[in-house]
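In the order they appear, the protein sequences are chains A and B.
Using my numbering, the first residue of the first sequence is number 2, and each one after it goes up by one.
Using my numbering, the first residue of the second sequence is number 15, and each one after it goes up by one.
For each residue, glycine too, the CB sits at the ideal point set by N, CA and C.
A quick note: this is a predicted structure, and the numbers were derived from the prediction, not measured.
Single-structure report; data block below.
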Amino acid sequence: WKKDEFRNCNQTPFCNRARSRKPNSCSLIATDVEISDGDLVAKLIPKTPPQTDQASTNSSNQEDGVEDLVQKPLILRVSAYQDGILRVKIDEDQTLNPPKKRFEVPSVIESDFLDKKLWLQRFSEVKIDGDSSIVVYLADGYEGVLRKDPFEIFVRESNGGNRVISVNSHGLFDFEQLRVKKDGDSWEENFRSHTDTRPYGPQSISFDVSFYDADFVYGIPEHATSLALKPTRGPGIEFSEPYRLFNLDVFEYLHESPFGLYGSIPFMLSHGKAWGTSGFFWLNAAEMQIDVLGDGWDAGESRLSLPSDQKRIDTLWMSEAGIIDAFFFVGPGPKDVVRQYVSVTGMPAMPQHFATAYHQCRWNYRDEEDVYHVDSKFDEHDIPYDVLWLDIEHTDGKKYFTWDRMLFPHPEEMQNKLAGKGRHMVTIVDPHIKREDSYYIHKEASDKGHYVKDATGKDYDGWCWPGSSSYLDMLSPEVREWWAEKFSNKNYVGSTPSLYIWNDMNEPSVFNGPEVTMPRDALHVGGVEHRELHNAYGYYFHMGTDGGLVKRGEGKDRPFVLSRAFFAGSQRYGAVWTGDNTAEWEQLRVSVPMVLAMGLTGITFSGADIGGFFGNPEPELLVRWYQLGAYYPFFRGHAHHDTKRREPWLFGERNTELMRDAIRTRYMLLPYFYTLFREANTTGVPVMRPLWMEFPSDEAAFSNDEAFMVGNSILVQGVYSEKTKQTSVYLPGEQNWYDMKTGTTYKGGMIHKLEVSDEGVPAFQRAGTIIPRKDRYRRSSTQMVNDPYTLVIALNSSQSAEGELYVDDGKTFEFQRGAYIHRRFIYSDGKLTSINMAPSDNDRRLYSTECVVERIILLGHPSRPKSALVEPSNNEVDIEMGPLRVQRSRVVSVLTIRKPNVRISDDWTIQIL
Amino acid sequence: NSLSSNSLIGISPEDEKYYNTASEFIKCKDGSKKISRNQLNDDYCDCADGSDEPGTSACPNGRFYCPNAGHIPVVLFSSRVNDGICDCCDGSDEYDGKIKCQNTCWEAGKAARDKLTKKIATFQEGVTLRKKEIGLGMLAFAKDEAELSKIKSEEKVLKGLVQQLKERKEQIEKAEEKVRLEKEKEEKLNEVKNESDQEKTEDEEKAESGKEKHDDTTHDDVIGNLDDSSEQGVEEVDSKIEHVDGAPYNEAEPPAKEDNEEDIVASESGSEHEKEHETTELENTEGLSKEELGRLVASRWTGGKSDHKPEESDHKPEESDDVKDIDHVDEIPKDVDKDVNEEDYDGYASEFDENDHKYDENYANDHKYDENDADEHVDDDFTAGDHEDSGSYRSDSDDESVESDVTALGNPSWLEKIQITVKNILHAVNLFQTPLNISDAAQVRKEYDESSAKLSKIQSRISSLSEKLKLDFGPEKEFYSLYDRCFETKQNKYVYKVCPYKKATQEEGHMTTRLGQWEKFEDSYKVMVFSSGDKCWNGPDRSLKVKLRCGLKNEVTDVDEPSRCEYVALLSTPGVCREEKLKELQDKLDALNRQPPKHDEL
């Protein structure tokens with residue numbers, strides 16, 4: 002890690018300034034409160050206006066030296082949306098002709114969301130602690146409050162109930178307004194050899210946010226650190242950097258650091274036993290720094306009397322530019338907050354079925370021969386895989402959309418051969434474009450002016466893989482349109498419909514730029530400074546590529562685009578991975594909180610490179626990584642080109658068997674995963690979840706990020722050190738858990754010491770759940786489509802269980818028209834019932850399948866019945882003792898209903914006799 | 015009472031009896047369970063070993079047998095059954111009606127038979143060549159052994175002679191010394207008179223002995239160097255001590271400190287091997303031009319030198335030009351092409367070819383050198399015929415000159431001659447004669463010098479020969495002829511040179527990179543291992559594995575770097591054209607031919 006190449010807070014003037022502010026230094030008060038266009042609107046002005054107040058409101062009448070010091074009024078706009086979302090916008094007053102319109106991040110907020118606005122009709126004015134405050138309705142049981150003096154905004158339970166979230170309760174609010182440069186002003190900032198001209202002077206914003214009844218705060222990815230965010234300031238805290246949100250290509254990142262990585266989502270969740278969950282999202286794409294303030298950080302300096310009976314976590318949010326466009330989510334459950342957040346930023350895309358299976362990648366599979374070789378080895382070892390990836394070396398001189406024809410003379414044939422086995426390929430396409438006159442992308446982009454400009458207005462020229470490169474201005478919808486065209490099979494020569502795309506380096510990575518990225522004073526369409534949108538650059542690129550694949554498939558083929566950089570809303574455009582990790586045990590460990598944090602903030606389709614990108618994993622680490630990674634939502638093996646080959650068959654028979662088993666575990670659970678992806682697609686609730694999301698009142702689960710839930714039914718405990726023979730697992734809740742390999746029952750609500758074998762990481766099915774599986778293995782998931790299902794019913798203490806299965810064509814958008822099967826399985830009173838969850842008339846008509854259930858496993862049944870009656874066919878089937886998982890090694894006897902052969906698309910019941 | 019033909023699907027003929035019993039129950043093959051007969055192939059897995067479902071995909075460990083009439087039978091993983099992909103050439107693995115597979119066994123069988131026939135022909139010739147090699151190898155090895163034992167005994171004799179000569183020489187010298195002393199005594203009388211003369215002689219003597227000493231040093235490089243360096247070391251210590259005297263304590267060891275600093279920086283950048291090159295740049299990126307900075311940062315990921323153009327960075331794999339163009343699929347006769355199954359056939363073919371080593375395959379990237387490729391070389395050999403090996407030559411080791419020298423020494427009369435000569439000399443010299451016969455003394459000295467020179471030559475030959483004989487030339491010495499030979503192949507800008515039992519290199523212009531030193535054979539003489547080659551930036555030390563395939567001439571082809579700095583090459587050689595393998599191939603062909611050549615026109 003090159004620490005010196007990156008700025009810390011002390012080297013970042015706005016961060017330094019904001020951090021050194023004292024509580025209560027904000028003197029703004031809210032005035033001129035009114036309802037306008039269904040919003041509550043007010044002006045924020047200094048409490049003791051300076052003498053020149055009159056002059057400053059008239060922008061034409063500027064006086065030397067004085068004007069800069071004057072705080073012009075800010076416009077505050079509070080609006081309420083359905084489902085308990087309060088939105089607060091604060092910006093300069095456009096009627097006062099500021100030097101430029103500050104940047105608002107476009108195309109992140111769902112258009113549907115805007116339709117959910119509650120048109121406020123009235124507000125009431127009340128006294129809170131003797132201060133005049135404005136109260137508006139937010140949702141049943143919640144209200145938004147604007148305290149006027151000092152200005153403070155919060156959400157609380159109705160009728161003066163408990164507070165949920167507040168802003169500026171500690172008076173740390175500051176909003177630096179744009180200025181016009183005059184002679185003698187020097188706003189330049191230097192970092193190492195780079196100079197930022199900062200033509201508009203300092204323009205940062207900072208404020209405090211408090212979460213009430215919170216035990217922990219989470220979210221704000223991407224950081225390689227614990228899921229529960231540790232305080233960064235306060236008594237006794239050495240950890241002094243704030244959490245940084247600034248998309249960077251960090252070479253060999255560290256596993257325990259608040260340092261900003263490839264993506265940024267300024268969304269924080271709090272959770273506590275007393276209240277539940279709430280969330281705060283600041284839609285702002287400039288560099289952000291966030292402090293989590295430890296108990297006693299303000300040492301009694303607070304002016305306001307905040308409720309002392311409510312536990313509180315205070316945070317400080319600082320951004321270099323932009324406006325305040327913030328959203329308060331009231332929860333109160335963890336899933337509620339996530340749902341509320343994705344209602345603003347968009348639902349996670351429904352991936353194609355193949356994309357939820359195993360991906361094999363390496364920098365680089367070098368030529369067609371190598372591709373065929375790796376492909377055939379998977380078959381030879383009967384290991385399933387679905388996607389083979391090609392990194393940058395497949396191109397002609399790092400010119401994307403081209404092929405090195407020496408290495409890949411027949412790319413279509415190659416893709417078609419793999420497609421013949423139901424497999425797909427992915428090639429890399431990055432946003433840096435080689436500045437080579439003969440390269441058609443470069444020629445068109447420069448002719449049409451599609452590049453980001455430098456501070457002087459010329460095409461910005463930076464250095465990346467191809468050498469001298471320019472960067473597409475993906476902020477521009479016109480550029481995105483143009484870009485999308487490039488992905489048609491006609492334009493992308495050598496591509497076929499089974500080829501999908503990988504966007505890397507889109508932070509953007511600029512090898513010779515400040516902090517290995519683009520200068521902040523580079524210019525985008527409409528005069529937007531790069532500093533204002535930096536964190537969303539990769540998002541727009543991802544969006545453009547996704548659009549290209551939608552276009553290519555004529556809207557009939559769900560895109561698959563993996564991106565490294567991300568921002569709020571990236572979940573709509575595909576998968577994200579945790580970037581260039583390292584083959585170390587600690588990096589395996591930190592991958593779990595990293596993926597969990599992304600899931601909490603909308604990006605459910607994520608994972609870490611299996612094995613670690615840099616370095617050579619010991620076989621044991623690699624095996625453990627496969628065993629854990631099989632449960633990541635995005636499951637891909639990847640490696641740096643300096644590492645040894647590490648495909649699953651290269652480490653001796655035993656290790657091959659273990660890795661095959663890990664990969665097969667994923668394939669076995671694909672029906673469950675796909676159902677979870679659909680749940681994420683409709684609710685935002687992530688596939689991989691922290692324990693507290695499923696057990697929100699179990700305090701022992703709040704800071705546990707070594708174990709995680711896959712859906713609501715499976716708990717996985719990673720193994721994070723070598724030669725582990727024993728591990729402790731905390732199993733939350735009151736119900737039992739069943740070991741997924743042995744069927745052994747464990748009591749919930751306690752820590753269990755478990756023997757760990759090399760055969761897998763501990764995984765448990767929660768009592769009261771039903772998991773759909775497919776127990777037959779194929780070359781790839783594509784061939785599993787007609788295979789029969791196994792249902793695993795884990796009974797709870799009241800001998801009941803529930804589960805779901807979602808199935809569609811796995812490929813098109815037809816599911817949006819209702820072409821899917823969605824079943825709920827309910828087991829109670831000795832009877833399993835399959836109920837249709839889809840709108841009653843859609844499943845048969847639009848999507849059908851002949852698939853049947855071949856096996857039903859009952860865990861936790863008290864007796865040994867011999868048969869069951871299937872209705873409506875009135876067919877009696879055998880119940881026998883069978884294996885929990887059909888495989889060579891262990892034979893565990895569990896109650897198994899043999900060949901009920903009911904169709905999954907039908908309504909039926911199975912009564913234990 | 016026998017099972018319906020449908021329930022016997024996927025069962026090999028050998029197993030039919032096992033399943034087709036009169037009993038109502040069938041045992042799982044692993045003995046774990048008894049199942050009723052209607053549970054056989056009922057599309058539900060009952061046996062943990064998959065033995066109840068040979069014909070369906072129900073068991074994850076199952077195996078499916080395709081009879082492939084017209085071709086040879088194949089056993090598939092159960093995962094291939096009814097998966098929508100035609101795997102058996104007779105299409106028997108896809109019977110659920112979801113897709114229709116063409117029967118391609120006749121064409122495929124014919125192609126396979128042709129291929130196999132060709133391969134067998136090569137092997138037949140190869141086996142003969144190998145036998146010849148073995149014969150020659152055995153002979154040459156025995157010859158080497160004989161020579162070794164002979165020169166060992168010669169050494170013994172010669173050692174004795176040298177000892178004798180040495181003793182005699184010393185006696186002579188003693189005698190001469192005595193004479194000299196007496197002479198001195200005599201001359202003392204004329205001391206004054208002859209003073210100046212004598213001084214002159216002494217000076218000359220001194221100069222002479224000094225010269226001798228110097229010669230010794232150059233002769234024995236190692237010791238000489240050691241001496242030099244230790245002397246330097248002493249000097250350095252001295253200067254250091256001086257430094258300490260005049261400087262603060264903590265500056266006592268500036269050179270060591272510098273080293274440390276360098277190490278830290280280097281390890282931070284992960285580029286230990288580019289130390290000098292990178293430290294300065296890393297320390298001070300401020301002074302770099304934009305382009306230099308871009309290259310430098312890029313080089314962290316690529317490992318390339320920052321002054322390389324990225325698209326030509328040295329990690330870029332080398333393309334193997336001639337081999338690349340050969341597509342094995344093209345081998346299939348064109349008439350198969352019209353079949354829908356071309357690709358499937360391809361998959362089938364490779365399964366067929368790799369059948370025998372499917373489960374014990376441990377090597378990465380073996381595929382590249384699988385039978386298909388071996389056949390390519392074989393085919394070439396056919397047209398090339400049995401002429402002199404091209405691209406190979408004797409290694410230019412200095413052994414060669416020694417050998418020829420020693421061979422001259424090896425003349426049987428030589429030792430006798432020398433023995434007689436020495437005897438004569440020894441007899442001739444009369445030690446009691448004063449003064450000594452000067453010519454006799456000179457002859458003893460000359461004979462001593464010559465004999466000890468010969469002795470050391472013999473000894474070096476002995477050591478090189480015993481080193482050689484310790485080498486592993488294969489169980490039947492079939493690789494003996496590869497000793498002292500090198501094989502070259504040019505791929506793009508690189509020339510690869512493989513010298514078995516010695517080393518392997520990669521040459522680009524005047525740059526030579528050592529890929530490895532000979533280490534051993536591996537995998538029962540199927541692979542040569544060269545290890546501990548030159549260091550690799552950010553990677554392991556270079557190494558090369560040479561895979562051996564049966565061919566009619568010795569030829570290295572197709573060098574590749576599948577994993578960074580780990581090279582793989584293919585050497586075709588008759589040395590591995592084993593009779594057992596030939597027999598195996600012939601059996602395979604017999605099996606193929608036994609299949610009814612049914613041409614199913616579906």
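Inclusion of Leu659 of chain A and Asp759 of chain A in the CB contact set at 8 Å is warranted, their separation being smaller than that value. Residue burial is scored here from C-beta neighbours: Arg406 of chain A has fewer than 16 other C-beta atoms within 10 angstroms and is therefore classed as exposed. Excluding five sequence positions before and after Gln416 of chain A, the CB atoms of its chain that fall closer than 7 Å to its own CB belong to Met426, Thr497, Ser499 and Leu500, given in chain order.
Listed along chain A, no residue sits closer than 7 Å to Leu566 of chain B by beta-carbon distance, the nearest being about 25 Å off. For Ala135 of chain B, the enclosing alpha helix (DSSP H) has its first and last residue at Cys119 to Lys202. Judged by DSSP in its simplified three-state form, Pro672 of chain A adopts helix. The criterion of a C-beta distance shorter than 8 Å is satisfied by Leu563 of chain A and Asn504 of chain A. Distances from the alpha-carbon of Lys460 of chain B to those of B:Ile99, B:Ile186 and B:Asp44 put B:Ile186 closest. For Leu885 of chain A, the CB contacts under 6 Å within the same chain, skipping 5 residues up- and downstream, are Gly744, Val893 and Val895 in chain order.
At least one CB atom of chain A sits nearer than 8 Å to the CB of Ala62 of chain B.
In terms of Cα proximity to Arg590 of chain A, the closest of A:Gly39, A:Phe635, A:Asn705 and A:Ile794 is A:Asn705.
The C-beta of Met525 of chain B has fewer than 16 other C-beta atoms within 10 Å across all chains shown, which makes the residue exposed.
With contact defined as three or more Cβ pairs closer than 8 Å, the stretch 196 to 215 of chain A and the stretch 240 to 250 of chain A are not in contact. Distances from the alpha-carbon of Asp94 of chain A to those of A:Pro107, A:Ser906, A:Asp292 and A:Ile76 put A:Ile76 closest. Straight-line measurement puts the Cα of Ile86 of chain B at about 29 Å from the Cα of Asp788 of chain A. Distance between Ala681 of chain A and Val711 of chain A, taken at the CA atoms: about 12 Å.
Within the model, the alpha-carbon separation for Tyr138 of chain A versus Ser167 of chain A is close to 16 Å. In the same chain as Val551 of chain A, and ignoring 5 residues on each side of it, the C-beta atoms closer than 6 Å to its own belong to Pro560, in chain order. Within the same chain, Cβ atoms closer than 7 Å to the Cβ of Gln83 of chain A are found at Lys117 and Leu119, the five residues on either side in sequence being excluded. Under DSSP, Ala795 of chain A shares a beta bridge with A:Thr770 and A:Leu860. If you ignore the 5 residues before and after Gln178 of chain B, its C-beta comes within less than 8 Å of the C-beta of Val436 and Leu440, all in its own chain and listed in chain order. Restricting attention to B:Ile472, B:Asp601 and B:Glu492, the CA atom closest to the CA of Lys173 of chain B is found in B:Ile472. When the five nearest sequence neighbours on each side are left out, the beta carbons in the same chain lying within less than 6 Å of the beta carbon of Thr644 of chain A are those of Asn617, in order along the chain. In the pairwise beta carbon analysis, the stretch 202 to 209 of chain A is classified as not touching the stretch 247 to 262 of chain A: fewer than three pairs are separated by under 8 Å.
By the C-beta density criterion, Arg818 of chain A is exposed, having fewer than 16 other C-beta atoms within 10 angstroms.
Neighbours of Pro87 of chain B across chain A, judged by C-beta separation under 8 Å, do not exist; the nearest C-beta is about 18 Å away. In the three-state reduction of the DSSP assignment, Ser271 of chain A falls in the strand class, which pools E and B.
For Phe217 of chain A, the enclosing beta strand (DSSP E) has its first and last residue at Phe217 to Gly220. Excluding the 5 residues flanking it on each side, Ser801 of chain A has same chain C-beta neighbours closer than 7 Å at Gly769, Tyr828 and Ser829, in chain order. The beta carbon of Cys102 of chain B does not come within 8 Å of any beta carbon belonging to chain A, so the residue lies off that interface. Rounded to the nearest whole angstrom, the C-alpha separation of Asp380 of chain A and Ser781 of chain A is 10 Å. In this structure Ile857 of chain A is buried. Its beta-carbon is surrounded by 16 or more other beta-carbon atoms within 10 angstroms. The continuous alpha helix (DSSP H) containing Thr546 of chain A extends over residues Tyr538 to Arg553. According to the DSSP assignment, Met694 of chain A belongs to the alpha helix (DSSP H) that extends over Leu692 to Glu695. Of A:Ser227, A:Gly421 and A:Ser279, the smallest CA-CA separation from Pro259 of chain A is found for A:Ser227. Residues of the stretch 169 to 203 of chain A with a C-beta less than 7 Å from any C-beta of chain B: Arg193 and Ser194, listed in chain order.
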